[in-house]
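Number of protein chains: 2
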Amino acid sequence: MAGSGEQEALVGNKQVIFKDFVSGFPKESDMFVTNGTVKLKLPEGSRAVLVKNLYLSCDPYMRNLMKPQDANYGSLFTCYTPGSPVSGSGVAKVLESGHPDIKEGDLVWGVTTWEEYSVIKAPETLTKIRHTDVPFSYYTGILVVPGLTAYAGFYEVCSPKKGEYVCVLCSGCCWSACWAIHKVDLLKNKLGFDEAFNYKEEHDLNEALKRYFPEGIDIYFENVGGKMLDAVLLNMRIHGRIAVCGMISQYNIDKPEGVSNLMNIVYKRVRVEGFAVLDYLHQYSKFLDTVIPLHQRWKDNICRGYCRGSGERSCCPGRTL
Amino acid sequence: MAGSGEQEALVGNKQVIFKDFVSGFPKESDMFVTNGTVKLKLPEGSRAVLVKNLYLSCDPYMRNLMKPQDANYGSLFTCYTPGSPVSGSGVAKVLESGHPDIKEGDLVWGVTTWEEYSVIKAPETLTKIRHTDVPFSYYTGILVVPGLTAYAGFYEVCSPKKGEYVCVLCSGCCWSACWAIHKVDLLKNKLGFDEAFNYKEEHDLNEALKRYFPEGIDIYFENVGGKMLDAVLLNMRIHGRIAVCGMISQYNIDKPEGVSNLMNIVYKRVRVEGFAVLDYLHQYSKFLDTVIPLHQRWKDNICRGYCRGSGERSCCPGRTL
Chain R
1 MAGSGEQEAL VGNKQVIFKD FVSGFPKESD MFVTNGTVKL KLPEGSRAVL
51 VKNLYLSCDP YMRNLMKPQD ANYGSLFTCY TPGSPVSGSG VAKVLESGHP
101 DIKEGDLVWG VTTWEEYSVI KAPETLTKIR HTDVPFSYYT GILVVPGLTA
151 YAGFYEVCSP KKGEYVCVLC SGCCWSACWA IHKVDLLKNK LGFDEAFNYK
201 EEHDLNEALK RYFPEGIDIY FENVGGKMLD AVLLNMRIHG RIAVCGMISQ
251 YNIDKPEGVS NLMNIVYKRV RVEGFAVLDY LHQYSKFLDT VIPLHQRWKD
301 NICRGYCRGS GERSCCPGRT L
Chain D
1 MAGSGEQEAL VGNKQVIFKD FVSGFPKESD MFVTNGTVKL KLPEGSRAVL
51 VKNLYLSCDP YMRNLMKPQD ANYGSLFTCY TPGSPVSGSG VAKVLESGHP
101 DIKEGDLVWG VTTWEEYSVI KAPETLTKIR HTDVPFSYYT GILVVPGLTA
151 YAGFYEVCSP KKGEYVCVLC SGCCWSACWA IHKVDLLKNK LGFDEAFNYK
201 EEHDLNEALK RYFPEGIDIY FENVGGKMLD AVLLNMRIHG RIAVCGMISQ
251 YNIDKPEGVS NLMNIVYKRV RVEGFAVLDY LHQYSKFLDT VIPLHQRWKD
301 NICRGYCRGS GERSCCPGRT L
């Protein structure tokens with residue numbers, strides 16, 4: 001509905017509302033959609049930014065925000081408030097800006113709200129999208145927080161050396177580049193990984209790791225936790241490194257599983273390092289300079305071949321061959 | 001018995017024999033003493049060293065050697081053989097040497113055997129004692145592996161910064177400088193620690209840590225494990241460091257306790273680093289240069305005052321005031 005005179009435009013603005021704290025596996029009924037409206041105009045003198053949300057990301061860390069605030073979260077998480085809309089990472093187009101560095105029409109990524117239009121009150125948390133020759137959805141994954149997390153955890157925390165054995169669990173957001181369907185096949189046969197397996201289908205994780213890593217593991221990118229971590233600890237090599245950015249297997253259970261094989265940290269002199277992407281945001285430019293050319297090469301060669309092989313016309317997210 | 005002609009001296013040589021693998025808390029009956037004899041003469045052309053053992057050390061890591069060899073021990077431990085004498089760290093005097101760098105009369109420390117006289121077949125593992133103005137027993141503790149472990153774990157692994165909160169569990173060998181009697185009193189009132197408590201007497205370790213570390217813990221020197229580690233994880237500060245050289249609370253139980261609060265490694269971006277003194281042996285000279293003057297200062301001031309205050313004439317090990 002177009003406004004007239006003093007009256008500004010009022011448009012529909014569906015919102016996803018977080019109903020109440022969740023225990024166990026989240027269900028659809030833990031959220032609901034409202035059909036509200038929003039005025040597409042910032043208040044006079046506001047330094048906020050009004051955006052239209054284009055893509056919203058659903059990331060594993062959000063599961064922790066669905067619990068009552070834990071004192072241990074510290075500066076890392078602020079939990080959702082029951083009755084309020086869900087917040088998360090997303091890509092948006094600027095409709096109006098009160099911030100000097102952001103203009104109408106800019107494409108941005110950052111923390112937004114699960115709704116059609118948002119007023120971002122801390123626009124300094126938004127980042128302008130400069131590389132526009134990639135699908136915008138990549139700015140909810142490989143090119144933003146998930147990608148930077150994988151980059152920082154691997155290169156900065158684990159300091160890989162030539163010849164080392166690396167174990168990455170493709171769960172969580174940071175490996176979402178390997179999307180769900182045919183994940184193992186994709187990893188092993190198209191993306192050039194030496195081995196790949198589905199940890200949920202292995203009865204004996206220790207035995208599986210011994211099979212896939214007969215020489216042991218130098219680097220483990222940890223975002224599963226629990227039994228998987230226990231099995232990995234039995235298979236670490238001397239002076240191995242474990243970068244930990246999450247433990248997804250623990251998020252839907254009320255009492256975390258105990259991890260028993262921690263003495264292997266001593267036997268093998270292993271470094272286990274928790275990290276969060278917020279400590280590596282200053283490396284974002286360096287990260288983009290690394291990953292944009294890699295993405296270009298992947299798009300030109302591997303993905304094209306894979307998609308053709310798969311017989312699907314649009315198996316790669318965001319593009320049709 | 002003195003030898004005559006071709007016959008060499010044969011003397012009594014009590015040995016402590018490891019009976020069989022131990023489960024649960026070790027008992028006196030897990031070992032026994034034999035009254036054997038030994039020839040006080042090396043074979044012709046031997047490069048070994050014959051020593052009289054003066055002090056033998058009983059260290060926590062030895063508990064792990066009383067179990068069947070665990071594949072995970074790797075290069076860190078070689079377990080005891082049932083029916084063979086116990087080996088461990090000790091101080092000895094050289095009676096005869098086939099090694100060019102070691103002479104009769106030298107005092108040495110290193111790995112020896114629990115017996116009166118030993119033939120050390122790998123004399124390059126022995127270190128000559130150069131500072132002799134300290135009690136020789138210190139070469140089973142503060143001046144050798146336990147001291148170097150504390151030094152490396154604290155300075156090298158944890159990189160302490162001014163103003164940080166440090167939690168050290170005085171269990172295990174590396175803090176044996178604070179010997180058993182009046183440990184808490186000694187630590188708090190005489191050695192200048194801010195606070196000290198007996199973790200075995202606390203019902204709620206998390207609550208105890210919150211009481212003693214209201215601001216949280218930046219550095220934790222871990223050699224207890226289990227429930228203590230779980231409580232510490234809840235109290236770590238952002239970018240805290242945990243140096244792990246052992247988990248003594250787990251050594252006498254068949255199945256290690258599970259540690260549940262590992263997500264705090266992510267929340268607080270904590271670095272947990274396993275280390276073993278064998279990776280820091282090259283720092284031994286630097287360590288001695290640091291610790292010998294510290295010991296001198298302690299002997300001159302604090303210990304003297306404490307011993308006088310205690311009303312005991314020989315409360316400090318190895319010295320009488």
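Quick note, the sequences are listed as chains R and D, same order. full-length UniProt numbering applies: residue 1 is where the first sequence begins, and numbers increase by one. full-length UniProt numbering applies: residue 1 is where the second sequence begins, and numbers increase by one. Backbone N, C-alpha and C fix where the C-beta goes; we use that ideal spot for every residue, glycine too. Here the structure is a predicted model, which is why all the values come from computation and not from measurement.
Limits of the unbroken alpha helix (DSSP H) element including C265 of chain R: Start at 1 with the first residue of the first sequence, and residue 265 of chain R comes out as number 265. Checking the sequence shown, residue 265 of chain R turns out to be Ile, not Cys. According to the DSSP assignment, I265 of chain R belongs to the alpha helix (DSSP H) that extends over 264 to 267.
Residues bridged to C167 of chain D (per DSSP): Position 167 of the second sequence, counting from 1, holds the residue named residue 167 of chain D. Looking at the DSSP output, C167 of chain D shares a beta bridge with D:Y220.
Cα-Cα separation, R63 of chain D to V111 of chain R: Indexing the second sequence from 1 puts residue 63 of chain D at position 63. Indexing the first sequence from 1 puts residue 111 of chain R at position 111. Near 52 Å, if we compare the C-alpha coordinates of V111 of chain R and R63 of chain D.
Chain-ordered chain D contacts of N73 of chain R [CB-CB under 8 Å]: Counting from one through the first sequence, the residue named residue 73 of chain R turns up at place 73. Asn is not the amino acid found at residue 73 of chain R; the sequence shown has Tyr there. In chain order, Y267 make up the part of chain D whose C-beta sits under 8 Å from the C-beta of Y73 of chain R.
Interface partners of Q296 of chain D on chain R, CB under 7 Å: For the purposes of this step, residue 296 of chain D is taken as residue 296 along the second sequence, with counting starting at 1. Scanning chain R for C-beta atoms nearer than 7 Å to the C-beta of Q296 of chain D yields nothing, as the closest lies near 32 Å away.
Euclidean distance between Cα positions of N53 of chain R and P135 of chain R: Your numbering for residue 53 of chain R matches position 53 in the first sequence. Your numbering for residue 135 of chain R matches position 135 in the first sequence. Linking N53 of chain R to P135 of chain R through their CA atoms gives a straight-line distance of about 15 Å.
Proximity of G225 of chain D and L262 of chain R at Cβ, strictly below 8 Å: For the purposes of this step, residue 225 of chain D is identified with residue 225 of the second sequence, where counting begins at 1. For the purposes of this step, residue 262 of chain R is identified with residue 262 of the first sequence, where counting begins at 1. Yes, these two residues count as a Cβ contact at 8 Å.
Neighbour flag for M247 of chain D against chain R, beta carbons, 8 Å: For the purposes of this step, residue 247 of chain D is taken as residue 247 along the second sequence, with counting starting at 1. Yes, M247 of chain D counts as interfacial toward chain R.
H155 of chain R versus R:T132, R:V277, R:V91, R:G98, residue with shortest Cα-Cα distance: If you number the first sequence from 1, residue 155 of chain R lands on position 155. The sequence shown places Tyr at residue 155 of chain R, not His. The shortest Cα separation from Y155 of chain R among R:T132, R:V277, R:V91, R:G98 belongs to R:V277.
For N261 of chain R, three-class secondary structure by DSSP: Along the first sequence, one-based indexing puts residue 261 of chain R at 261. Coil at N261 of chain R, not helix or strand.
CB contact below 8 Å: E115 of chain R versus chain D: Indexing the first sequence from 1 puts residue 115 of chain R at position 115. Put simply, the CB of E115 of chain R is far from chain D, with every gap to its CB atoms at 8 Å or more.
Beta-bridge partners of F32 of chain R, as assigned by DSSP: Sequence index remark: in the first sequence, residue 32 of chain R carries index 32 (1-based). Answer is R:I17.
Any 3 or more C-beta pairs closer than 8 Å across the stretch 92 to 99 of chain D and the stretch 64 to 76 of chain D: In short, these stretches do not touch, since the Cβ pair count stays below three.
Collapsed DSSP secondary structure at V292 of chain R in the structure displayed: The residue you call residue 292 of chain R lines up with position 292 of the first sequence. Inspection of the sequence shows that residue 292 of chain R is occupied by Ile rather than by Val. Helix.
Residue 345 of chain R burial status per 10 Å Cβ neighbour count (16 or more: buried): Lying outside 1 to 321, the shown extent of chain R, residue 345 of chain R is not represented and no answer is given.
Chain D residues whose Cβ lies nearer than 8 Å to that of I238 of chain R: Here residue 238 of chain R refers to the residue found at position 238 of the first sequence. Neighbourhood of I238 of chain R in chain D, by CB distance below 8 Å: G74, S75, in chain order.
Alpha carbon of S87 of chain R to alpha carbon of C58 of chain R, nearest angstrom: Taking the first residue of the first sequence as position 1, residue 87 of chain R is located at position 87. Taking the first residue of the first sequence as position 1, residue 58 of chain R is located at position 58. When rounded, the distance between both Cα atoms is 10 Å.
Beta-bridge partners of G41 of chain R, as assigned by DSSP: The count along the first sequence starts at 1 and reaches residue 41 of chain R at position 41. The sequence shown places Lys at residue 41 of chain R, rather than the Gly named in the question. Within the DSSP secondary-structure output, K41 of chain R pairs in no beta bridge.
CB contact check: residue 322 of chain R to chain D, cutoff 8 Å: Since the first and last residues shown for chain R are 1 and 321, residue 322 of chain R lies out of range.
Inter-residue spacing [alpha-carbon to alpha-carbon] between R241 of chain R and I219 of chain R: Your numbering for residue 241 of chain R matches position 241 in the first sequence. Your numbering for residue 219 of chain R matches position 219 in the first sequence. Taking C-alpha positions only, R241 of chain R is separated from I219 of chain R by approximately 5 Å.
Where F18 of chain R falls, given that 16 or more other Cβ within 10 Å makes a residue buried: The residue given as residue 18 of chain R occupies position 18 in the first sequence. Classification for F18 of chain R: buried.
Below-8 Å beta-carbon distance, M66 of chain R vs any chain D residue: Numbered from 1 along the first sequence, position 66 holds the residue referred to as residue 66 of chain R. The beta carbon of M66 of chain R does not come within 8 Å of any beta carbon belonging to chain D, so the residue lies off that interface.
Residue-level contact to chain R via CB, S260 of chain D, 8 Å cutoff: Against the second sequence, residue 260 of chain D aligns to sequence position 260. Yes, contact with chain R.
Coil, strand or helix - K128 of chain R by DSSP: The sequence position of residue 128 of chain R within the first sequence is 128, counting from 1. Looking at K128 of chain R - three-state DSSP - the assignment turns out to be strand.
Partner residues on chain D for F275 of chain R, Cβ-Cβ distance less than 7 Å: Taking the first sequence and counting its residues from 1, one reaches residue 275 of chain R at position 275. Residues of chain D passing the Cβ test: R269.
Cβ of P256 of chain D within 8 Å of any chain R Cβ: Taking the first residue of the second sequence as position 1, residue 256 of chain D is located at position 256. True, the Cβ-Cβ gap to chain R drops below 8 Å.
Where G225 of chain D meets chain R, residues with beta-carbon distance less than 8 Å: By 1-based counting over the second sequence, the position of residue 225 of chain D is 225. Ordered by position in chain R, the residues that pass the 8 Å Cβ test against G225 of chain D are L262, M263.
Same chain, Cβ closer than 6 Å to I292 of chain R, five either side skipped, listed in chain order: Position 292 of the first sequence, counted from the first residue, corresponds to residue 292 of chain R. Contacts found: H131.
DSSP state of T140 of chain R mapped onto helix, strand, coil: To locate residue 140 of chain R, count along the first sequence from 1; it is residue 140. In the structure shown, T140 of chain R adopts helical secondary structure according to DSSP, grouped into three states.
Any chain D beta carbon closer than 8 Å to C174 of chain R: One-based indexing of the first sequence puts residue 174 of chain R at position 174. With a pLDDT of 46 at C174 of chain R, under the threshold of 50, the modelled position of that residue is not reliable, and no figure is offered here.
Close beta carbons around E312 of chain R, own chain, < 8 Å, minus the five adjacent residues each side: For the purposes of this step, residue 312 of chain R is taken as residue 312 along the first sequence, with counting starting at 1. Note that E312 of chain R has pLDDT 47, beneath the 50 cutoff, so the model's placement of it is unreliable and the number below is only indicative. The answer is none, since no qualifying residue turns up.
Short CB-CB distance (under 8 Å) between Q69 of chain D and chain R: In the second sequence, residue 69 of chain D corresponds to position 69, counting from 1. Chain R, which has no Cβ nearer than 8 Å to the Cβ of Q69 of chain D, makes this no.
Uninterrupted beta strand (DSSP E) stretches inside the stretch 207 to 254 of chain D (no shorter than 3 residues): List check, beta strand (DSSP E) in window: 217 to 222, 236 to 244.
Nearest candidate by alpha-carbon position, reference F275 of chain D, set D:L294, D:N223, D:Y284, D:A231: What you label residue 275 of chain D is simply residue 275 of the second sequence in a count that begins at 1. Checked all of D:L294, D:N223, D:Y284, D:A231; the closest Cα to F275 of chain D is D:N223.
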